[in-house]
Amino acid sequence: MTEEAILQGCLKNHAAAQKELYNRYSPKMLAVCYRFAHNREDAEDMLQEGFIKVFLQMHTFQSKGAFEGWIRRIIVHTCINHLKKNKRFNDSVDIIQASSIQVREENIPSIVQAKQIVDCIRLLPVGYRTVLNLYAIEGYAHKEIAEMLDIEESTSRSQYTRARQMLEEILIKRNLIPAAREKTDRLTAIH
Amino acid sequence: MKERNIYGDEFEEQLKEKTDQLKMYPSDKVWNEVYSSLHVRRRKFIAGMTFLIGGILILAGTQLIFPSRNTNPKTITAKINNPSKPAAAADLHNFTASGFATETRDNDGDQQNRDGGPNANVPFLHRSSISSGQKSGTDEYIESLPEKIQNNGREKTVQQASINVAVHADATLSMTGLNEEEESSEINPALNRISADLDPEKSLTQLSHIRNDRFSWEIYIAPTLNNHYLTGMNYQTAVRPIQTAPIMVVHFANVNGFVDNTQAMGYEVGGNILYRISKNISLKAGLDFSFNRYYIKAYNSNQSQASATLSSYFGYIADTLANSNSGNNLVNKNPQHYQNRYYQLSLPVGVDMKVAGNKKLQLHVGATLQPSYLLNTDAYVLSEDYSSYVKDAQAFRRWNLIGGAEVYVSYAVGKIRWEIGPQVRYQIFSTYRNSYPLQENMLNYGIRIGISKSIR
């Protein structure tokens, strides 16, 4: 079934077309939800809510952009709304202020599996994780993130900086990326 | 959207690349929930409407099939008490006629003669102590009783209430048999009045006044003639020329000049519950199902891509529908008649007014506003260049508002009132969404045939 046929079927509320669309995009979208969620159950709740929105708002899709991107935006917004219902999330993005941290540039070896990276991201505090997901992976600007999360733009920037540093530390601890050069140098000097 | 080249940063680029590789397969529960939320809501709506229609039909059917079920003997207890001898002069009056029984009890519940005493089966006033010689307060009470009953809006309680009749007992008449009734009539005109007031036939007449119930139901069917009117300029023509459109479309864009549609028959069925708020005015609400259609004359052509542009009022393109055209609107050989069918459920809410007539024959006018829901979206819409018809669910507006008006004559046959008269319904909003450049408004004329009955 072509994407156009799926779209037309969904517009007519045909269950077969809806199922086809769901089968095609739900694995990727669940992974997106999983990066934002506390656990898999929450991720499935987000996915469910997101797909209902996708089907109900199908008529607003303009064929100009990529369909997957459109679905993904709806899913991400659903995840954010889901998280914002949680008071702990609101506190965590607002209160935590990152200090000025020098961010290192590290490469992620190709041998590292996607699941390992995502598991590391999920170890971050929810506020950091959300900003990192939105900025580094979903490609939103800090201004947009600030609007989405109802925080200051500067908070988004500092959260991201801190999140990235923490993620790198986790990746290093898990031997998924090599230790930082400075660190290595320092260790060498001590010895 | 982006304030930077987000993937210019190698780390972020790699992070995105890696995370996008992850795929996770949701449990079946997720799809089941999505499916049920998309389809069960609609099913619930249809089930609810069916339940409502079913309820009205069952109620109507019950009233039609078993109209006399409620005509069991009614009991009115009339007490005739002598104020000076409230307990001792207690008498029992028991009569039965035409399925109607009136029973008079004394205060201490003496019913010794009811089932077989010496004066049993005496139709009226078989043992009574009635005063004569003066016009008592009792007389006034009795005389005014029917009025009081009629003026009482709570008739149902009156039907079952005890009617206390106080009679002065300056003189006592002892009536021990049927023949004595005549004697009593001669002796005391007041007694005649009492007898008349307690006479079963008269009582029934009075009760028919009493049972001016406020609620009634009606069901109806109406064969209708369906017209539709297309209006609105094609905004797209003002923005850019349509390559495939005839030159007239580009310059004049008068859609009615480019379609060949003819009216067709449809029908409408429904039911209402009416609540009388005054002598002549009732409020009504109910459920209505209508099937409307009209014919489209079109010409077969090779399948091609036709589009119906959904434009905003400001001219920019909001969305475009693209579909295979089913019929070509331009003149060609082999004309075909397609049908546009609309199935709608409506909830009429309005007013019904009796403008003239008597109990038997009445003239009514009514008006309703009807929120309606379009059940199907598989009708044809005209493409943006008026050259083709396409089927696109996206163009249709599900919820609409219909205005209805009717004039009818109602004629009472027994407890049922038959109704017949013309009606008109106009769909206030366009069949299509606002973003579609054309507006289609349906206008249906019909003859409404129905029955109505008071709810007891």
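Chains A and B supply the protein sequences, listed in that same order.
Just so you know, the first sequence maps onto residues 6 to 196 in my numbering.
Just so you know, the second sequence maps onto residues 254 to 709 in my numbering.
Yeah, the Cβ is synthetic: ideal placement off N, Cα and C, and Gly gets one too.
Take Gly610(B), set aside five residues on each side of it, and the residues of its chain with a beta-carbon closer than 6 angstroms to its own are Leu616, in chain order.
By the Cβ neighbour-count rule, Gln680(B) is buried, with 16 or more other Cβ atoms within 10 Å of its own. For His590(B), the beta-bridge partners assigned by DSSP are Lys550(B). By the rule that beta-carbons nearer than 9 angstroms mark a contact, Gly70(A) does not touch chain B. Within its own chain, the residues whose Cβ lies closer than 6 angstroms to the Cβ of Cys38(A), once the five positions on either side in sequence are excluded, are Ala48, Met51, Leu52 and Cys84, listed in chain order.
Judged by DSSP secondary structure, Ala20(A) falls within the alpha helix (DSSP H) whose first and last residues are Ala20 to Phe41.
Not one beta carbon of chain A lies nearer than 9 angstroms to the beta carbon of Glu521(B). A contact between stretches requires three or more CB pairs, one per stretch, nearer than 8 angstroms, and the stretch 74 to 91 of chain A meets this requirement with the stretch 126 to 139 of chain A. By the Cβ neighbour-count rule, Ala36(A) is buried, with 16 or more other Cβ atoms within 10 Å of its own. The beta-bridge partner set that DSSP reports for Ile669(B) consists of Val666(B).
The beta carbon of Phe682(B) sits no closer than 9 angstroms to any beta carbon of chain A.
Per DSSP, Ser161(A) is one residue of the alpha helix (DSSP H) stretching across Glu158 to Lys178.
Taking a 10 Å sphere around the C-beta of Lys297(B), we find fewer than 16 other C-beta atoms and assign the residue as exposed.
Under the 10 Å beta carbon count, Arg546(B) is surrounded by 16 or more other beta carbons and is classified as buried.
Residue-level contact check: Ser641(B) does not touch chain A, since none of the beta carbons of chain A fall below 9 angstroms from its beta carbon. Closest option to Gln623(B), judged by alpha-carbon separation, among Asp513(B), Ser688(B), Ala646(B) and Phe682(B): Phe682(B). For Val512(B), the secondary structure class from DSSP, reduced to helix, strand or coil, is coil. In the displayed model, Tyr140(A) falls within a helix according to three-state DSSP. In this structure Gln676(B) is not in contact with Gly703(B), their Cβ atoms being roughly 10 angstroms apart against a cut-off of 8 angstroms. Boundaries of the alpha helix (DSSP H) harbouring His87(A): Phe72 to Lys89, taken from the DSSP string.
Under the 9 angstroms criterion on CB atoms, Ser636(B) is classed as non-interfacial with respect to chain A. Comparing alpha carbon positions, the residue from Tyr548(B), Asp541(B), Ile534(B) and Leu536(B) closest to Thr515(B) is Tyr548(B). Going by beta carbons, Ala475(B) and Tyr520(B) fall inside the 9 angstroms limit. Shown here, Thr135(A) sits in a helix according to DSSP, grouped into three states.
By the Cβ-count criterion, Leu654(B) is exposed, with fewer than 16 other Cβ atoms from all chains shown falling within 10 Å of its own Cβ. Nearest in C-alpha terms to Ser280(B), of all of Ala21(A), Arg45(A) and Arg29(A), is Arg45(A). The Cβ atoms of Met302(B) and Asn480(B) lie no closer than 9 angstroms to each other. Per the Cβ contact rule, the stretch 261 to 272 of chain B is in contact with the stretch 119 to 138 of chain A (3 or more Cβ pairs under 8 angstroms).
According to the DSSP assignment, Ala632(B) belongs to no beta strand (DSSP E), since it is labelled neither H nor E.
Contacts with chain A (Cβ-Cβ distance below 9 angstroms) from the stretch 269 to 284 of chain B involve Lys269, Glu270, Lys271, Thr272, Asp273, Gln274, Leu275, Lys276, Met277, Tyr278, Pro279, Ser280, Lys282, Val283 and Trp284, listed in chain order. With a threshold of 9 angstroms between beta carbons, Leu291(B) makes contact with chain A. At a cut-off of 9 angstroms between C-beta atoms, Val136(A) does not count as an interface residue with respect to chain B.
Taking each of Asn91(A), Ser31(A) and Lys58(A) in turn and checking the Cα distance to Leu291(B), the smallest one comes out for Lys58(A). Interface annotation, Tyr133(A): not in contact with chain B, CB-CB separation never under 9 angstroms. Looking at Tyr596(B), Trp671(B), Tyr689(B) and Phe468(B), the one whose alpha-carbon comes closest to that of Lys613(B) is Trp671(B). In the structure shown, Thr477(B) adopts extended strand secondary structure according to DSSP, grouped into three states.
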